[in-house]
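Adding 2 to a residue's 1-based position in the sequence shown gives its number in this note's numbering.
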Amino acid sequence: MGNPNAGKSSLFNTLTGLNQKTGNFPGVTMDKLTGIWELEPGRNIEILDLPGIYSIYPKSIDEELVINILGNPQHPDYPDMAIVVADASNLKRNLLLFSQVRDLGIPTVLALNMIDVAENQGYVINSLKLARELNVEVAEINAKKGIGVGGLKLAVIKTLKHRYASNDALPLSVADELIEDVQKQFGEADPYRSLLWLMEHDRMKMFNQEQREAFDHLLEKHQFEPKKYKSAETVKRYEQISEVVERCVINLNRQWDAEPVKTWTDRLDKVFIHSFWGYVIFLAILFIMFQAVFTWATYPMDLIDGGVAQLNDWLKGILPDSPLTGMLTDGLIAGVGGVLIFVPQIAFLFFFISMLEETGYMSRVMFIMDKMMRRFGLNGKSVVPLISGIACAVPAIMSTRSIGSWKDRLITILVTPLMSCSARLPIYTVLIALVVPEKNTLFGVFNLQGVALFGLYLLGFFMALLSAWVLKKILRAKERSYFIMELPTYKGPRFKHVAISIYNSVRAFIFEAGKIIVAISIVLWVFASYGPGDSMAKIEEQVRLKNPSLTGVDLSNKIASEKLENSYAGHFGKLIEPAIKPLGYDWKIGIALITSFAAREVFVGTMSTIYSLGGEVDNENATIKNRMRAEINPDTGKPMYDAALGFSLLIFYAFAMQCMSTLATTYRETKSWKYPLIQFGYMTTLAYLAAFLVYQILS
3 MGNPNAGKSS LFNTLTGLNQ KTGNFPGVTM DKLTGIWELE PGRNIEILDL PGIYSIYPKS
63 IDEELVINIL GNPQHPDYPD MAIVVADASN LKRNLLLFSQ VRDLGIPTVL ALNMIDVAEN
123 QGYVINSLKL ARELNVEVAE INAKKGIGVG GLKLAVIKTL KHRYASNDAL PLSVADELIE
183 DVQKQFGEAD PYRSLLWLME HDRMKMFNQE QREAFDHLLE KHQFEPKKYK SAETVKRYEQ
243 ISEVVERCVI NLNRQWDAEP VKTWTDRLDK VFIHSFWGYV IFLAILFIMF QAVFTWATYP
303 MDLIDGGVAQ LNDWLKGILP DSPLTGMLTD GLIAGVGGVL IFVPQIAFLF FFISMLEETG
363 YMSRVMFIMD KMMRRFGLNG KSVVPLISGI ACAVPAIMST RSIGSWKDRL ITILVTPLMS
423 CSARLPIYTV LIALVVPEKN TLFGVFNLQG VALFGLYLLG FFMALLSAWV LKKILRAKER
483 SYFIMELPTY KGPRFKHVAI SIYNSVRAFI FEAGKIIVAI SIVLWVFASY GPGDSMAKIE
543 EQVRLKNPSL TGVDLSNKIA SEKLENSYAG HFGKLIEPAI KPLGYDWKIG IALITSFAAR
603 EVFVGTMSTI YSLGGEVDNE NATIKNRMRA EINPDTGKPM YDAALGFSLL IFYAFAMQCM
663 STLATTYRET KSWKYPLIQF GYMTTLAYLA AFLVYQILS
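Spelled out as structure tokens, the structure:
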């Protein structure tokens with residue numbers, strides 16, 4: 003355990019070999035993580051990585067998880083010992099948590115991380131003297147590079163063997179009768195643990211309502227005020243810690259009467275967190291990122307798209323014409339192609355996100371965005387989930403647990419899905435390619451398709467801010483909140499971690515979203531290939547009678563189109579078409595809108611299946627984009643996917659709540675179906691109205 007950004011998750015990864023997500027900002031570890039560490043040959047121990055906290059007095063849900071484990075010796079995860087990871091460059095603040103954990107009676111090892119950063123800043127720590135002062139084992143480590151793990155092993159083995167006694171004295175004395183009353187009613191415990199129970203009983207799940215009322219009675223009986231005690235205790239601890247640090251840390255700057263060392267971090271921060279240039283640089287980085295995502299991914303995407311189309315045509319050529327062949331080619335392979343084509347863009351997007359996190363820049367983004375967030379009524383900590391929402395709304399909503407104010411947390415949960423997540427990227431890619439000319443550039447340099455993609459991400463962000471402002475007015479949230487975050491030093495990216503992040507993200511997309519897309523593609527093929535009664539069997543004969551002049555590809559197209567329209571899927575699409583006609587959508591798009599409620603990415607898989615069944619275009623190796631581009635609007639005789647329809651669909655998917663996983667996560671975090679329904683209702687209404695306006699204006 004340790005403060006946010008102290009490096010505990012990096013150490014956890016190093017010790018266990020697991021590759022959990024690490025980042026230079028609070029809220030990365032939102033649940034406890036477990037792994038196995040081989041302490042000695044033949045001796046494995048289980049390690050828990052707990053959410054980062056500054057003290058054992060919780061202010062948010064993720065911090066409550068920690069005290070519910072550390073405060074309850076009967077908890078199944080109660081530790082035999084604790085490794086408190088401390089940032090050596092900010093030792094005084096990090097030792098506060100260490101001193102509290104030690105006073106709970108838990109055998110503790112202090113792991114000093116980032117010693118190199120402390121030395122670069124002119125601080126030299128005498129860890130042997132520090133160990134004697136604190137009466138614990140101290141190990142110097144570099145969590146990212148795995149340096150010092152051997153010394154940490156020895157410290158852990160020694161501590162587990164001797165189980166050093168903690169400091170029995172309370173940091174700030176209280177009446178003996180108070181502690182005795184707690185112990186009489188609730189069992190023997192260390193004095194500090196008894197005090198923790200008394201002050202935090204409402205947040206601890208080990209106590210029932212009757213016991214909580216008993217605690218309240220004790221508070222009243224002894225006229226004890228928890229808030230005052232916590233404040234006074236913290237001041238007292240820092241006084242004691244300051245004395246220890248004074249004796250154990252040599253400040254070379256003061257010794258040489260020199261100015262504090264100006265590091266590269268200090269110099270870069272003058273620009274990156276500047277009140278004006280900080281925003282300019284952030285927007286420029288985002289702009290370049292989306293340019294690259296769209297431009298660099300084009301070539302591998304075209305290869306995958308063309309390869310899937312060629313495979314389909316080859317299989318159709320060698321396999322007999324049968325329902326099984328149709329399900330394989332137009333159902334399964336078309337669905338798989340709808341997943342694989344977007345792997346390059348997902349990979350590039352997460353490459354850039356990982357690079358921003360690894361270098362330490364992401365924490366600067368959160369710092370500069372805090373001021374803007376407050377103007378729209380959001381908590382400063384809302385920056386974490388909103389930025390995380392670019393990747394996926396599910397972990398982003400879970401990260402709102404670090405927000406202490408319930409109303410601020412609720413608002414953040416409700417607006418986070420408006421951030422354009424990676425699931426929307428496949429939809430944006432296909433539709434932008436259809437309505438924004440590929441060769442057009444901005445100022446002769448920037449790809450206009452990349453500019454459009456950048457604009458959609460910005461649109462989602464500003465709509466999230468606007469929605470938060472409206473919800474703040476409705477909920478009348480007036481609590482003042484604070485955003486406290488450690489700004490890490492800038493570091494070179496660890497490309498192994500970047501590669502792991504890309505791999506995990508792509509794997510999740512293929513196997514999580516991919517399973518849904520492929521399954522729905524196959525089901526959709528069945529519904530689109532069969533119809534009620536014997537209507538499908540008569541279609542070919544009817545088409546030939548009505549259109550005697552049609553031959554070859556034109557005849558095949560007409561037959562396939564009529565079959566699709568008269569299938570179960572076609573009937574369902576026709577049923578909902580009146581509701582979506584004002585947006586410019588036909589029954590085929592209506593089918594995709596419904597199926598994509600499972601996951602936004604399913605839209606593309608659905609269109610791949612529908613247009614595979616809808617007939618052939620002139621060349622046999624047509625890709626999904628070419629098929630959609632060749633689609634003709636029966637009312638106008640012009641291309642179906644013109645600017646009006648394309649941008650209407652883009653806006654709809656930018657705002658619509660079409661992800662069952664996100665709704666389920668909202669339910670889990672709010673413990674009520676009311677809020678997922680509100681979230682779904684307002685986002686769907688917003689999407690419909692915005693898409694309607696765009697279509698009517700552009701058409």
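Ideal Cβ placement from N, Cα and C applies to all residues, glycine included.
All of these numbers come straight from a predicted model, not from anything done at the bench.
Three-way DSSP call (helix, strand, coil) for residue i in this model
{"i": "G37", "result": "strand"}
{"i": "D637", "result": "coil"}
{"i": "N26", "result": "Its pLDDT being 44, under 50, N26 is placed unreliably by the model, and nothing is read from it."}
{"i": "N137", "result": "coil"}
{"i": "N92", "result": "helix"}
{"i": "E142", "result": "strand"}
{"i": "I149", "result": "strand"}
{"i": "Y492", "result": "coil"}
{"i": "E241", "result": "helix"}
{"i": "I58", "result": "coil"}
{"i": "H224", "result": "coil"}
{"i": "L547", "result": "helix"}
{"i": "F209", "result": "coil"}
{"i": "T236", "result": "helix"}
{"i": "F278", "result": "coil"}
{"i": "P75", "result": "coil"}
{"i": "M609", "result": "helix"}
{"i": "M642", "result": "coil"}
{"i": "R629", "result": "helix"}
Residue(s) in a DSSP beta bridge with residue i
{"i": "G4", "result": "V87"}
{"i": "D51", "result": "L35"}
{"i": "R45", "result": "E42"}
{"i": "V126", "result": "I252"}
Between the CA atoms of residue j and residue i - distance to the nearest angstrom
{"i": "L391", "j": "L221", "result": "Here residue 391 is Gly; the residue named in the question, Leu, does not match the sequence. Each residue's Cα considered, the two are about 43 Å apart."}
{"i": "P302", "j": "T491", "result": "36 Å"}
{"i": "R598", "j": "Y669", "result": "Checking the sequence, you will find Ser at residue 598 rather than Arg. One C-alpha to the other measures close to 20 Å."}
{"i": "V246", "j": "K131", "result": "9 Å"}
{"i": "V528", "j": "M329", "result": "8 Å"}
{"i": "M374", "j": "Q660", "result": "28 Å"}
{"i": "L106", "j": "S12", "result": "25 Å"}
{"i": "A90", "j": "I58", "result": "20 Å"}
{"i": "N46", "j": "A656", "result": "48 Å"}
{"i": "D315", "j": "T608", "result": "19 Å"}
{"i": "V417", "j": "G153", "result": "46 Å"}
{"i": "T667", "j": "T297", "result": "33 Å"}
{"i": "N623", "j": "D536", "result": "Residue confidence is low: N623 scores 38 on pLDDT, short of 50, so the model does not pin down where it sits. Its coordinate-derived value is still stated next. For N623 and D536, the distance between alpha carbons rounds to 32 Å."}
{"i": "A692", "j": "M465", "result": "11 Å"}
{"i": "R546", "j": "S569", "result": "19 Å"}
{"i": "D323", "j": "Q312", "result": "17 Å"}
{"i": "V126", "j": "F354", "result": "35 Å"}
{"i": "N26", "j": "M357", "result": "Residue confidence for N26 is low, a pLDDT of 44 falling below 50, so the modelled location carries little weight and cannot support an answer."}
{"i": "G9", "j": "I117", "result": "12 Å"}
{"i": "F694", "j": "P584", "result": "6 Å"}
{"i": "N128", "j": "V111", "result": "16 Å"}
{"i": "I38", "j": "V151", "result": "15 Å"}
{"i": "P53", "j": "K229", "result": "23 Å"}
{"i": "F709", "j": "R496", "result": "A query on residue 709 cannot be resolved here, the shown segment of the chain reaching from 3 to 701 and no further."}
Residue i - containing beta strand (DSSP E), residue span
{"i": "N253", "result": "V251 to N253"}
{"i": "N115", "result": "T110 to N115"}
Enclosing alpha helix (DSSP H) for residue i [first to last residue]
{"i": "V367", "result": "Y363 to R377"}
{"i": "D79", "result": "Premise fails: D79 is in no alpha helix (DSSP H) and is neither H nor E."}
{"i": "D304", "result": "T300 to I320"}
{"i": "M662", "result": "M662 to T672"}
{"i": "F649", "result": "A645 to F657"}
{"i": "Y677", "result": "K676 to L700"}
{"i": "L270", "result": "W266 to F274"}
{"i": "R509", "result": "F497 to A510"}
Interface flag, residue i vs chain C, CB-CB below 8 Å
{"i": "V103", "result": "In the displayed structure, chain C is absent; only one protein chain is listed."}
* Asked: Which residue spans inside the segment 388-474 form an unbroken alpha helix (DSSP H) run of at least 4?
  -> 395-400, 408-417 and 427-437
* **Those runs of the alpha helix (DSSP H) which lie wholly inside the segment 151-204 and span at least 4 residues** => Within the segment 151-204, the complete alpha helix (DSSP H) runs of at least 4 residues are 151-164, 178-188 and 193-202.
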